[in-house]
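Read through the structure below, which is laid out as structure tokens, and then see the notes.
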Amino acid sequence: MSPLPRCFLLLFACAFVSCGQETIPGPLDPGEGPSTANILRRERAVVFFRQADSGRARAEMAPLVQVDQPDPNDLLIAAQIELLDMDLITCSGLLDRWASQEPASPRLAYLRARLAHLKGNFDARMEFLRAALEGAAGDLGATYCLAGAMQDQDFENDEAWESAARAALVLYDGIEELGLENGTIWYVSTIYRQFLLAADLGESERLEHYKTLWNALVDQGAKPISDQLLNEGSLAQVRAPRPVGQGPDGTPSMPEFAVSAELLPDWGHASDLGVHDLNGDRRPDLVCAGPLGLRIALGQEDGSFVEKVVRSEATAGFAALDLNRDDDWDLVWWNESQVGIIEHDEELFVPTPIELPSPDALVHQVVLVDYDHDGDLDLVLATDKGPRLWRNDGAGEIPDDPELPRGSFTDATAEAGLPADWTCTWCAVEDLDRDQDVDLVFGGPKGLMIASNLRGGRFENVAPAVFPTSPSSAGHRGLLADWNADGRVDLILAGEEGSSLWLGQEDQTLRHSSDLPPIPATAHPRESDVDLDGYSDLVWGAREPRGVLAVGHDRRTEFALGETPGPGLAVASDLDFTLDRDLAIEFVALNNQGVRIWRTDDRSGHGIRLRWIGQKDNRQAIGAVVELRARERYRRVYWKGDTEVLGIGSAEWADVVRILWPNGVSNNHLNLERGDMTILSEDFGVQPEGLIGSCPFLYTWNGETYTFISDVLGITPLGLPMAPGMIVPPDHDEYVLVRGDQLMPKDGVFELQFTEELREVTYLDAVHLEAIDHPQGVEVFPNERFSFPPFPETHLHTMQAALAPIRAMGSDGRDWTEALAKEDSIHAEPFETYHGQYLGLSKPHFLELSFDPTAVSKAKQLRLLCTGWFYWTDASVNMAAGRTPGVEFTPPLLMVPGPDGSWLPTGPPVGFPAGKTKSMVIDVSGFLNREDPRLRIFSSLTLYWDRIALAVCNDDAPRVITTLKPTSAHLWQRGFSAPLESDRSDLPERFEWETLADFPRWDQHPGLYTRLGETLPLVQAIDDQFCVMGSGDCLTLRFDANELPPVPEGWTRDYQIFFDGWAKDRDPNTIQALTVEPLPFHGMSGYPYDEEEQFPTTPAHEEWRAQWQTRPGKVLLAPVAPALFDQWARKTED
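Per my numbering, the sequence shown starts with residue 3, numbered consecutively.
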């Protein structure tokens, strides 16, 4: 098992220990078997063992090993606990009991070998290790220990010792041949042993070889193996049991419900009913649609409701959305062939001024979805003339400029590839294939259509592949959910003649599982957990609420709260938004007498109230996937926007709650206590803002540590749209400046760490280091910036005594002169930033700069130096801005005063620094007025300028450049840097090499990456034979510092690093972003490239693929679902 996945297994195990509190099961029945209590004891024992808390670990295991025939796994754990305390006698007794059951077990033999070692019985140690290898041939731990045992004997003479040492070398060589990737910790320890043996044998060449290898491993944090790891080896590891069982232990029983209130008699004939918090006061509000219009009843502090009519005309249905992202929810309504929006602003509900497309058909249902992942909620319509897809193009954004129109909804049905003539009566939304985008399922007279999201706004029907056996009927409503708690999406087809359950399979098909009761077409079935036992229930309306408990499991139970069937509606919801930890689900039922509220006093099932608020994504977090595990219970919920209570059964807390936001970033919350999490803090449930893609990071050795330089290859993004239909042409190379004090030799070697930290793939083709010697007082800057073609020519600028502005005024009216005078991490911020879906953009702004006319007047050349950093936007931000009036992506424009005093642009945008705190140089000689040297930098990007200066010198300072080729390029898996905390919003994220994040936030792209180890041949020339790196990878680059000449007296030395390659993120709107392929190449016309183009297929490139591209991408995030976790763990072990 590789080091990264082991930490995820530890997270999974630790999830069962709550911080500061603990629930200990009572005495166990010896015949109880693999019960939940037994499983939890083992899981806690493993956690305590890892914490070296042998007393608590022993107490957990005691009931399990006191039975007549303990499970051998329990004896293993108990024996390891005794080894932890060096109680060799008790340990020996436990192993003897194990031997009575499994005398030939290689795991037992290995543990006996360790016990013999600790007792000093070396002959028995050798015997047991050989027995272990007989039963587990090739086991690395036993092989390593046997090699060590061969050296630890008493020898009669030197010849006998050398003979044993040579025999041990054979075993060590076998482990070393596996390499670091396959040999893991045993490879590391073997290199250390080889180093020691080479010294003992007096073999100088081998000694130097292994010294180099060992030093390289030490630099990456390697240490000799500990006694604890030797005790466990790879055969006798202490592991938590694999999760088993996701269904209820017994037959579910319905709590006793009774009618507690009858109200709103005019709502008796409604056709749609819902419970939402429309005004953000954390109290439930009721909404209904029917012949008498669209009505709401706002919940009051005393539990009563105040009714309001928001639309008086007949209304068939509605959906609640936060169109303006202001936490006042608006309402989409439909009736026959009409669709409209009622906007909500504080107390007012008014029709929207936005003109919507015409459905030109009978509308059966409208569903909210952010199918294009731009942070705006789109509308999907099921109509009798086919599906309709209305894209939200900034409709909720109200421009500051009253002359600008508001955004709109655009009919994107044809553009999306949806059929215009496929009659459908319902639509459901989910991520069916778990690829982090939105899929649509439609049902109607023609059957089922599954529109799989291809990204880029396109869908394709995959129903024939998903349904090996087609359903006989699509029913009147489809409900997508993980009904059987295995982490996969299932489907219930509700029909008047009968309903059916279709379970998701590992191969992403849906197969019929069982039949369910008939459900009236007017009943509007829904998913809930009415008894809060942690399992999904199916609820629908009749005159009284009805449903099926644990509907996806074998022990399901039908229920009906009343005895009178008939037409009606029912919603199972959380009505009592109180501080009480004892939560419950209530029913809001509607029949021809009005609304009835059913409540229960049964609090046997506990729950957690959750609310999620999107920032980068839509405000309601619609489309997020929330997973909860509490002991043996697991639930997966596709979030639909409302506050919801998730059941955890009898548990006092949820061990893990993970949310996978629609943009693909996950957050874990551990040990959440039952009760209301929405009041825990204002920040709980709010989507964090931060970068998930920009470019790789560069660290250099500065004599003390590896210091963070910047992100690199930022000018080479693949498949990045700047606006709809406009793809950024990627550059493919960049020079990165490294100051002399940031790079120092270590033992005659320059070391750089090139890391891939974000949700990206990097294709690195070539790299070299240039040492730049120049007179003191001269500054050097590579001619680099993010821009559109023609890209800046390769050039090294030199400047001396560049002028700071004598005045720098912002469009905000503030004086930024002092902030821009020098590079000191104090930034000019003359802008008002956007957040959320427009993160990285700001409202249009400028800096007006004035320079000393006397110093400028006689200069032959004028160059503007701009140093700062850009908060990277991503493809989804660019697409959202491109469709929203008043929100623009405008890179810096240089403007100068015109004859009439107005400000005139000097040309197209000049570009911007491509990363964290970089410099760009612009020649302004041709347009800056030397008598009136003023200019403006106008932009709508969130650009933090640190220093702006004007060079009035010629670009002719002497310089000597010496190029160094790399001597080593070692690829390894490091993990992810943890950003340093800062309370300043104007600082870019900064990192310390030694500070790693505990866990990743995303997986690697599927596909093949470069094998780990030495990759020097891949980065020596520009030849489209890349070192391909994924999330968590690091490339250690070394250069021979001894090849540099001495620095002349009075001069100093800086460096620039040349990188050639590309980077590709996995933003939902990045083109061809889902996998490592297609590979870029230098001759391509763009990315994605034309169909007639292809990556080179020369013999050299085919050999590169076969020899180097052999490492599959990893799933780094351990699944929460027990069934999926089990599969993941097996793959990890493989």
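Glycine included, C-beta positions come from ideal geometry on N, C-alpha and C.
Collapsed DSSP secondary structure at residue i in the structure displayed
i	result
Phe124	helix
Cys93	helix
His734	coil
Gly445	strand
Tyr1057	strand
Arg787	coil
Thr965	strand
Met63	helix
Tyr373	coil
Cys147	helix
Trp424	coil
Ser970	strand
Lys213	helix
Arg132	helix
Trp1110	helix
Trp485	coil
Ile193	helix
His1103	helix
Arg936	strand
Ala562	strand
Pro27	For Pro27, the pLDDT reaches just 30, beneath the cut-off of 50, and the residue's location in the model is therefore unreliable, although a value from the coordinates is still provided. The answer is coil: DSSP assigns Pro27 none of H, G, I, E or B.
Proximity of residue i and residue j at Cβ, strictly below 8 Å
i	j	result
Met922	Pro915	yes
Ala525	Gly543	yes
Val148	Leu113	Reading off the sequence shown, one finds Leu at residue 148, where the question assumed Val. No, the pair does not count as a contact, with Cβ atoms beyond the cut-off.
Leu1118	Pro1002	yes
Trp1064	Leu1014	no
Ala2	Arg637	Lying before the first or after the last residue shown, residue 2 is absent from the chain, which here runs from 3 to 1136.
Ala291	Gly270	no
Leu612	Gly677	no
Thr965	Glu753	no
His847	Ser987	no
Phe51	Leu86	yes
Anticipated Cβ contact below 8 Å, residue i with residue j, distance rounded
i	j	result
Ala115	Arg99	Ala115 to Arg99, Cβ: 18 Å. No contact.
Asn620	Asp374	Contact doesn't hold; Cβ gap of about 11 Å is too wide.
Leu952	Leu805	5 Å
Arg741	Asp492	About 58 Å; that fails the 8 Å criterion.
Arg809	Ser1033	Their Cβ separation, rounded to whole angstroms, is 46 Å, which puts Arg809 and Ser1033 out of contact at 8 Å.
Ile729	Gly1088	6 Å
Gln744	Thr709	6 Å
Trp1004	His776	Rounded, the Cβ-Cβ distance is 42 Å, inconsistent with contact.
Trp335	Pro359	The pair is not a contact, with the Cβ atoms about 15 Å apart (cut-off 8 Å).
Glu629	Arg660	5 Å
Residues that residue i bridges to, as DSSP identifies them
i	result
Pro353	Ile344
Gly609	Gly649
Asn670	Arg660
Tyr701	Phe710, Gln755
Pro723	Ile729
Asp328	Paired residues: none, contrary to the question.
Glu762	Asp1067
Per-residue burial, residue i [other beta carbons within 10 Å of its own, 16 or more giving buried]
i	result
Ser102	exposed
Phe157	exposed
Asp533	buried
Leu1224	Because the chain in this structure spans residues 3 to 1136, residue 1224 falls outside the shown range and cannot be described.
Leu456	exposed
Asn1	Absent from the model: residue 1. The displayed extent of the chain is 3 to 1136, so no value can be given.
Ala81	buried
Gln617	buried
Lys862	exposed
Min CB distance residue i to chain C below 8 Å
i	result
Tyr873	This model lacks chain C altogether; it includes just one protein chain.
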